[in-house]
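>
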Amino acid sequence: MVAEAQAGTPLNDHVQYFISQGIDILQRPSTVSFLPASRRERDPEDKTALVSRDRMFRNLLNTERAIPRLIGLHENPFRDINPTSTSARFPDLPFIVNSITLVLEVREDLHGFNATVNGGAICAIIDEAMGSILTQNDVLNREAKVKGYIPTSIPNIAAAATASMDVKYLKPVPTPSVVLATATLTRLGRRSISMRVVVANKDGREYARADGSFVSFPTKAKI
Numbered sequence: 001m002v003a004e005a006q007a008g009t010p011l012n013d014h015v016q017y018f019i020s021q022g023i024d025i026l027q028r029p030s031t032v033s034f035l036p037a038s039r040r041e042r043d044p045e046d047k048t049a050l051v052s053r054d055r056m057f058r059n060l061l062n063t064e065r066a067i068p069r070l071i072g073l074h075e076n077p078f079r080d081i082n083p084t085s086t087s088a089r090f091p092d093l094p095f096i097v098n099s100i101t102l103v104l105e106v107r108e109d110l111h112g113f114n115a116t117v118n119g120g121a122i123c124a125i126i127d128e129a130m131g132s133i134l135t136q137n138d139v140l141n142r143e144a145k146v147k148g149y150i151p152t153s154i155p156n157i158a159a160a161a162t163a164s165m166d167v168k169y170l171k172p173v174p175t176p177s178v179v180l181a182t183a184t185l186t187r188l189g190r191r192s193i194s195m196r197v198v199v200a201n202k203d204g205r206e207y208a209r210a211d212g213s214f215v216s217f218p219t220k221a222k223i
């Protein structure tokens, strides 16, 4: 069974491609796939949602020779939900899911000196995974309120920026290949959000690990 997916031909095409490459988790009924904020169309009518101004993943890396395919996935947080126990179902509010995975294809324009993926590109992928936890939870937080799963008094996901990343490179990333970058929340502070990211192939061979943090800022703050 193909994973539940947001509408859009590019997303569905990418899901089918990654299934053909052995990303079997996309066939689980409990898996939700989505286009990361950097690759999906903005809604000009929604003035309150987190808006990505990204141009690196949207334009620069969105080529056949760099990262031609990029999607995200997570477990469906609303599957078989019991409305009377939502607080137990969502212990990290305002976050709805505490882990997301980006699935992407990396190609030769990401090469560094040794014809494997450049270390800076790996950092960018890790940062994109961390940011996707925020932007996808922004979508899910709003959906949960509309469906009555959480009170409307629960805050929205606040805009935030990368504060730190401690990256450990474990093995070179070959090209062309499909990699998975999984970001998981490890700590929620008053303004800080800590995460761990693992970059690996579909068989679990780890290429890099990182501990990072984001810091939220007021909506009207200039960055």
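Numbering (the numbering used here), first residue to last: 1 to 223.
Beta carbons: idealized from backbone N, C-alpha and C, even for Gly.
Remember, predicted model here, so these are calculated numbers, not experimental data.
Relative to the alpha-carbon of Arg196, which residue among Ser20, Val97, Arg205 and Thr182 has its alpha-carbon at the smallest distance?
That would be Thr182, whose Cα lies nearest to the Cα of Arg196.
> Pick out whichever of Phe34, Phe78, Asn12 and Pro91 has its Cα sitting closest to the Cα of Gly148.
Among Phe34, Phe78, Asn12 and Pro91, the Cα nearest to that of Gly148 is on Phe78.
> Just to confirm, is the Cβ distance from Leu134 to Ala115 under 8 Å?
It is not a contact, given that the beta carbons lie outside the stated cut-off.
> Would you call Gln27 buried or exposed, if buried means 16 or more other Cβ atoms sit within 10 Å of its Cβ?
Per the 10 Å Cβ criterion, exposed.
> Within 10 angstroms of its Cβ, does Met1 collect 16 or more other Cβ (buried), or is it exposed?
Confidence at Met1 is low in this model, with a pLDDT of 39, below 50, so the placement of that residue is unreliable and no value is reported for it.
> Can you check which of these residues, Phe34, Pro94 and Arg39, is closest to Pro151 by C-alpha distance?
Nearest of Phe34, Pro94 and Arg39 to Pro151, Cα basis: Pro94.
> Using alpha carbons as the reference points, say which of Leu110, Cys123, Ala163 and Asp127 lies closest to Thr63.
It is Leu110.
> Contact defined as beta carbons within less than 8 Å: I believe Val103 pairs with His74. What is the distance between those atoms, to the nearest angstrom?
No, Val103 and His74 are not in contact; Cβ-Cβ is about 11 Å, not under 8 Å.
> Just the Cα atoms here: how many angstroms apart are Leu61 and Asp92?
Taking the straight line from one Cα to the other gives about 33 Å.
> In the region 31 to 105, which residue ranges form an unbroken beta strand (DSSP E) of at least 3 residues, counting only runs that do not cross its ends?
Complete beta strand (DSSP E) runs here, min 3: 31 to 34 and 70 to 75.
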